[in-house]
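Note sheet for the following structure.
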Amino acid sequence: MSLNSQTVLLFELEHQKYSLPFHVVDEILPAVQLLPVPGANHAMEGLLDVRGELIPVVALSTLLNVPARPINYTDHLIILNLNTEKFAVRVDRACELANLSQQSQANTKIPFCGSLVARIDRYNGDRVTALEPEGLIQLLTEISNTQPAHRGN
């Protein structure tokens, strides 16, 4: 497969298919135990140590209103690199790279989804929710600026 601007990484989260543009994917790793971050807000699962670099892991399930579950050894961590921001998201499974044609892409944004969902695509008969990487950064910034850190008792 030739990689181009329409190449996406397809992944699953709680039996739903999602995609991210491949050009923002830095690396895909098997899930490991994350380092806890005391006082972190609900959007952060922990820190991932990748060859000495600590990378924040975002709770994508929380941002997408998908039921959260404990980390599993079969999960994948997708490291994203957006401009100067580098972070990871935990997913059930990174599936494959796909080149989406214009016919498989919706032409309009989905209303009431904010900036996180770019559109709904079709791929091999499945509905795929295309995520907007910049919208993910925007949402994380809003959460960190408006929500106090979770405090345990």
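Just so we're aligned, residue 49 is where the sequence shown starts under my numbering, counting upward by one.
Every residue gets a Cβ at the ideal spot worked out from N, C-alpha and C, and that includes glycine.
Note that this is a predicted model, so its numbers are computed, not measured.
Which of the three DSSP states is assigned to residue i in this structure?
i    : result
T177 : strand
H3   : With the chain covering 49 to 201 only, the question about residue 3 has no answer from this structure.
G94  : strand
L187 : helix
L130 : strand
L108 : helix
T156 : Interpretation of T156 is limited by its pLDDT of 47, a score under 50 that renders its predicted location unreliable; no figure is taken from the coordinates.
Am I right that residue i and residue j are in contact with their C-beta atoms under 8 angstroms? What's the rounded C-beta distance?
i    : j    : result
L108 : V137 : 4 angstroms
A91  : V106 : 6 angstroms
A79  : L125 : 6 angstroms
A178 : I76  : Wrong, their Cβ atoms sit about 18 angstroms apart, outside the cutoff.
S163 : L187 : 7 angstroms
L61  : V114 : 6 angstroms
I185 : E133 : 6 angstroms
What residue does the beta strand (DSSP E) around residue i start on, and which one ends it?
i    : result
T55  : 55-61
V114 : Run containing V114: none; DSSP gives neither H nor E here.
Y171 : 165-171
R141 : 141-147
Verify whether the separation of the beta carbon atoms of residue i and residue j is less than 8 angstroms.
i    : j    : result
L68  : L83  : no
D74  : L128 : yes
P181 : F135 : no
L148 : D174 : no
D97  : D123 : no
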